[in-house]
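FYI, the numbering used here numbers position 36 of the sequence shown as 47, with every residue one higher than the one before it. For every residue, glycine included, the Cβ atom is placed at its ideal position computed from N, Cα and C. The structure presented is a predicted model; accordingly, all values stated were derived computationally and were not measured. First up is the structure itself, then whatever we jot down about it.
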Amino acid sequence: MSEVKIHEIGKEFFLVKSDEKDLHRNIYIKRFVGKDGKSVNMIFDPGAKIDIQMVTSALKTLIGGVQNLDLIFLSHQDPDLTANLSVLLSSAPKARFVSSIDTWRLIVSYGIPENRFYAIENFKNKVMRIAKTGHRVQFVPAHFCHFRGAMMFYDFESRILFTGDFLGGVDSRKGSGIYATEESWEGISIFHQIYMPSKDAIVETVNKISLLNPLPEIIAPQHGDVIRGGLVVEFLTRFFDMDAGIDLIKKEEPGKDLSLTALNSFMDYLNKNKPEVHKKLLIKLKKAGTFTTIFVLANNSLVDIKVSTKTAIVSIWELVKSISSPEEIHDFKVTLLTDLDKYNIPLDPEVFEEVGEEKALEEIFDK
Ligand SMILES: [Fe+2]
Ligand SMILES: [Fe+2]
């Protein structure tokens, strides 16, 4: 097995990540080290079955082996983070796992004995003191984000807040690396529009984070990029202006059907004039498990959108760009803008701000 890359993102706080290109998993390991050198070793959301080799390899490097694991934190019950719980608990006889009782109620179906479980609700004020090392950590609820009993974990020593799925994102940032840039927001926005229940639930969780004292310096989510510096407050603030989940379904944006018609008209154009691009686009749109499944397809036509129409239009344009030659891009842009204009879909200049935007817009509006 090739060596696992381990990133230290804060004091004794480490990250390993799976290598999917669209939606990967982040797994974190923290070593709480006391003044006398004794340590307590903790893992956060230890991944899916396919991550077990990566996890055991990282644990070997960082703490001398899985048997030295003391604590396993589960933010909620999803299989992308709980599937390795049984094997870790059997390999680390003294390890316990920590979660909310709501999570435990579902985790119990793995057949795990209750004496291996610490309920977060039993810690006064949700603060856990690690007697052996003298550390203090705080659990923070993320109610309905995206599960009733979802929990986050604040490590005061490193000022890292592990947020589980909250502030996670699909991978929209270009290039390698682990830290968020402005480009990461698109993926966070798509992920939250699809997986979080509503703006209200998101804002409630943002408010919980804003009450932490001191504020976290780093946000470590289970998917996407690690967020640090000014982007922490910047991204948290943007949620106040973003609908998600049931908000989008309830509103059933009036423009949604028209947007689907316009996008299908654009795809018909590709099919007739650039069949090879059309074919590639369909392959991308149908690739299960990628964030392009924000669209629902039937008979090679778009029949539904799971995010806002603006996000959908941006996403399809990004896909088209990724499979077209520079010469084709301008023509495609004019065609797409013409289709959107034909159905009175408001054009957002930000969407098409790259090369040729002004020229393309002029061709539409001066016609
Ligand atoms: Fe989840
Ligand atoms: Fe997840």
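- Those residues placing their Cβ nearer than 5 Å to any heavy atom of ligand 2 are, following chain order, 91, 176 and 233.
- Annotation for residue 131: no beta strand (DSSP E) segment contains it, and DSSP assigns it neither H nor E.
- With a threshold of 16 other beta carbon atoms within 10 Å, residue 90 falls short and is exposed.
- Ranked by how close their Cα comes to the Cα of residue 71, the residues 99, 250 and 45 have 99 in first place.
- DSSP, read as helix, strand or coil, puts residue 102 in helix.
- With fewer than 16 neighbouring CB atoms inside 10 Å of its own CB, residue 248 falls in the exposed class.
- Under the three-pair Cβ rule at 8 Å, the region 120–128 does not count as touching the region 54–74.
- At least one heavy atom of ligand 1 falls within 7 Å of the beta-carbon of residue 89.
- If you check the C-beta of residue 203 against ligand 1, you find no heavy atom less than 7 Å away.
- The alpha carbon of residue 271 has as its nearest neighbour, out of 314, 236, 327 and 136, the alpha carbon of 314.
- A direct Cα-to-Cα measurement between residue 139 and residue 322 gives close to 40 Å.
- Across the structure, residue 141 and residue 149 are spaced so that their CA atoms are roughly 11 Å apart.
- Less than 8 Å divides the Cβ of residue 160 from the Cβ of residue 87.
- Residue 294 and residue 286 have their C-alpha atoms some 12 Å from each other.
- Annotation for residue 289 indicates a beta carbon at 7 Å or more from all heavy atoms of ligand 1.
- According to the DSSP assignment, residue 113 belongs to the alpha helix (DSSP H) that extends over 112–118.
- Contact check for residue 42 and residue 62: beta-carbon distance about 20 Å, past the 8 Å limit, so the pair fails to qualify.
- Here DSSP, grouped into helix, strand and coil, assigns residue 354 to coil.
- Distances taken from the Cβ of residue 154 to the heavy atoms of ligand 1 include none shorter than 7 Å.
- Proximity to residue 246 across 338, 259, 260 and 197 peaks at 197, based on C-alpha coordinates.
- With fewer than 16 other Cβ atoms inside 10 Å of its own Cβ, residue 353 counts as exposed.
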